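Residue numbers (my numbering): 8 to 166.
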């Protein structure tokens, strides 16, 4: 009788530990990681910038910040700032800019193109000099509430 109680107690402890490890592994498997897919020139007359959630679970955006010359853009939408900068530098262009929502969700495997800009060949050099003017920082959490920060420019790490 005493041996059966001890065996039952050990089985209960082993089951509880097994449940703990399974939940821990599931939690690690649902962690999102936002990774740059492209910060690339698609050719001499175009540019696009995209992000992809390479994780197994969704990324819940808590805060999305856009920067111009490492200064936060707070007084106007990101797309308006991009267009102003291009116009100020006399770059004739056509652009499609995505403003990410502050409390939106990015599914696992989802890709979002933040900026797609087409410009004339003769404006290519002017555009290349602006390549690193804009940056994005996203504070997001996983399904389990683990908070992460992703930024397009490593200089934002200390801001």
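C-beta: ideal position from N, C-alpha, C; glycine also. As the structure is a computational prediction, the values presented were derived from the model and not from experiment.
- Per DSSP, residue 118 lies in no alpha helix (DSSP H); the unbroken beta strand (DSSP E) holding it starts and ends at 118-126.
- The Cβ atoms of residue 113 and residue 66 lie closer than 7 Å to each other.
- Contact annotation: residue 89 and residue 145 have beta-carbon atoms that are not nearer than 7 Å.
- Rounded to the nearest angstrom, the Cβ distance from residue 95 to residue 147 is 32 Å, too far for a contact under 8 Å.
- With three or more CB-CB distances shorter than 8 Å, the stretch 120-133 counts as touching the stretch 55-62.
- When the five nearest sequence neighbours on each side are left out, the beta carbons in the same chain lying within less than 7 Å of the beta carbon of residue 164 are those of 158, in order along the chain.
- According to the DSSP secondary-structure assignment, residue 20 is paired through a beta bridge with no residue.
- Bridge partners of residue 51 according to DSSP: none are assigned.
- Distance from the Cα of residue 107 is smallest, within the candidate group 101, 153, 12, 85, for 85.
- Under the DSSP definition of a beta bridge, residue 106 lacks any partner.
- In the structure shown, residue 26 falls within a helical segment according to DSSP collapsed to helix, strand and coil.
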